[in-house]
Amino acid sequence: MSQSIQALRERRGARAQTLHQLLENNPGETWNEDHQATYDEGMSDIGNLDNEITRITDLNEKLAADRFSENMNEAGDRYAHDNKDKPAAALYAKWLRGGDGALSAEEWAGIRATMSTTAVSEGGYTVQTDVVQTVMDALKAFGGMRSVANVIQTEMGNQLDYPTSDGTAEEGEQVAENVAATDQDVSFGLVSLNTYKYSSKVVPVPIELLQDSAVDIEAFVNHRLVQRIGRITNSKFTTGTGVNEPRGIVTAATAGKVGATEQTDTITYADLIDLFHSVDPAYRENGTCSFMMNDASLQVLHHLRDSVGRPIYLPAYDGLAGPLPDSLLGHNITINQNVAPMAVSAKSILFGDFNYYVIRDVMAANLLRFDDSAYAKRGQVGFLMFSRHGGNFTDVGGAVKYYQNAAS
-8 MSQSIQALRE RRGARAQTLH QLLENNPGET WNEDHQATYD EGMSDIGNLD
42 NEITRITDLN EKLAADRFSE NMNEAGDRYA HDNKDKPAAA LYAKWLRGGD
92 GALSAEEWAG IRATMSTTAV SEGGYTVQTD VVQTVMDALK AFGGMRSVAN
142 VIQTEMGNQL DYPTSDGTAE EGEQVAENVA ATDQDVSFGL VSLNTYKYSS
192 KVVPVPIELL QDSAVDIEAF VNHRLVQRIG RITNSKFTTG TGVNEPRGIV
242 TAATAGKVGA TEQTDTITYA DLIDLFHSVD PAYRENGTCS FMMNDASLQV
292 LHHLRDSVGR PIYLPAYDGL AGPLPDSLLG HNITINQNVA PMAVSAKSIL
342 FGDFNYYVIR DVMAANLLRF DDSAYAKRGQ VGFLMFSRHG GNFTDVGGAV
392 KYYQNAAS
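What follows is the structure, encoded as structure tokens:
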């Protein structure tokens, strides 16, 4: 099956490369209906190939969960090798299946020596450092913000203030001989990077799965925990209000371009150019700026043309210098489904340097195991994870701007 996916990806890459060459080898004045027909046919083929790849990839979800579990076991084995103790992942799996009573006093001592915090709640398992590190890494797969933001990890969850300073309007001076230089104070500010508690909600697991030693219970439980926490935190990192929750990038960004009347679900090429230039060149020249949007908005942009009629969207393909992602005006695109699709007054497209958005993970997580009557009568055991995360936009110079659709 993996060979089939590879073959499909190669076919997709070949079609995408053809479209890149078509656009690069035809300056605006030579673009005609035949070129457009070739581009449309190629994009249709790429869409069909993407759908087929997605169907096969969905069937491989179990394999992905297995790889996740292998990473956890490797982390546990590394700890065991360094500390000559029972692997962390093995103890974790033993507790998942049997609860507190399944672990000996010696095993509990080993857990306490390697966990992120020293407090163990009744019926809980404070996740060991190697295991929780793997959980945090897996969160990158959900949402989009973690793939472009600056992610830091702290052992404690106490208040953390980030210094800010906007130097985009500052400049030096020319001075004459024997003339003293003038002063110009630098203005500093602070933004808080507080953390908030999130839960996975209870994940009920049938007793049969726990009793079957052939079932990779760690992969099953952790995939669900990570999936749920990843989705809620990505939502907060995107649109959080900043009041008793993280301040999301959409909330923190400022307007770069607002659509004209009747552009409630559209954008023009000129609008996109204005959005691009609304971000100061000091950020754009860093080479780390990109676009972020909902997939529905990207679909709209597939049909957008430049001033001479050429498509501005280029699909991903593997080039000679390595993989080239989907691009818009020469910049990468991050799909984030928590960004609003194009609608009345929607802030639907972001552009800028997302490295100035900082995500903070506290390296402590607590997992609770419920086997009381509420679950026992259904033949289940419940699992619930709590973890702490924060996020804030640490730039005050306009590193990220948004396009907002018209109000009417």
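At position 310 of the sequence shown the residue is numbered 301 (the working numbering), and the sequence of numbers has no breaks.
C-beta: ideal position from N, C-alpha, C; glycine also.
Quick caveat: nothing in here was measured; it's all calculated off a predicted structure.
Around the C-beta of residue 146, fewer than 16 other C-beta atoms lie within 10 Å, and the residue is accordingly described as exposed.
In the DSSP assignment, residue 243 falls within the unbroken alpha helix (DSSP H) covering 240 to 243. In this structure, DSSP gives residue 338 an extended state, which the three-state scheme calls strand. DSSP, read as helix, strand or coil, puts residue 165 in coil. Residue 332 carries a coil assignment under DSSP once its states are collapsed to helix, strand and coil.
Distance between residue 286 and residue 328, taken at the CA atoms: about 7 angstroms.
Look at residue 33 here: in three-state DSSP terms it is helix.
Runs of the alpha helix (DSSP H) lying entirely within the stretch 217 to 265 and spanning at least 4 residues, in chain order: 240 to 243. The alpha-carbon of residue 320 is positioned some 13 angstroms away from that of residue 11. The DSSP assignment places complete alpha helix (DSSP H) segments of no fewer than 4 residues inside the stretch 281 to 313 at 286 to 292, in order along the chain.
Around the beta carbon of residue 262, 16 or more other beta carbons lie within 10 angstroms, which makes this residue buried. At a Cβ-Cβ threshold of 8 angstroms, residue 388 and residue 317 do not count as neighbours. DSSP, read as helix, strand or coil, puts residue 41 in helix.
Here residue 141 is exposed, its C-beta having fewer than 16 other C-beta atoms within 10 Å.
Counting C-beta atoms within 10 angstroms of its own C-beta, residue 88 has 16 or more neighbours from the protein chains shown and is therefore classed as buried. Distance from the CA atom of residue 190 to the CA atom of residue 217, rounded to whole angstroms, is 10 angstroms. If you look at residue 138, you'll find it in the alpha helix (DSSP H) that goes 136 to 139. A contact between stretches requires three or more CB pairs, one per stretch, nearer than 8 angstroms, and the stretch 166 to 184 fails this requirement with the stretch 358 to 365. Sequence-distant partners of residue 280 (beyond 5 residues in either direction) whose C-beta falls short of 8 angstroms from its own C-beta, in its chain, are 270, 274, 322, 342, 343 and 344. Rounded to the nearest whole angstrom, the CA to CA distance from residue 164 to residue 136 is 40 angstroms. In the displayed model, residue 368 falls within coil according to three-state DSSP, outside both helix and strand. For residue 331 and residue -3, the gap between their C-alpha atoms comes out near 33 angstroms.
Check the Cα spacing between residue 260 and each of 33, 201 and 298: the tightest is with 298. Sequence-distant partners of residue 289 (beyond 5 residues in either direction) whose C-beta falls short of 7 angstroms from its own C-beta, in its chain, are 324 and 326. Nearest to residue 208 by alpha-carbon distance, out of 220, 384 and 195, is 195. The bridge partners DSSP lists for residue 350 are 142 and 382. In this structure, the straight-line span from the alpha carbon of residue 86 to that of residue 97 is close to 14 angstroms. When Cβ pairs closer than 8 angstroms are counted between the two stretches, the stretch 244 to 251 is seen not to touch the stretch 221 to 233, the count staying below three.
Looking at the backbone, the Cα of residue 30 and that of residue 4 are separated by about 14 angstroms.
If you draw a straight line from the Cα of residue 258 to the Cα of residue 364, it comes to about 56 angstroms. For residue 306, the number of other beta carbons within 10 angstroms of its own is at least 16, and it is reported as buried. The beta carbon of residue -1 sits closer than 7 angstroms to the beta carbons of 40, 43 and 44 from its chain, once the five residues preceding and following it are set aside; these are given in chain order.
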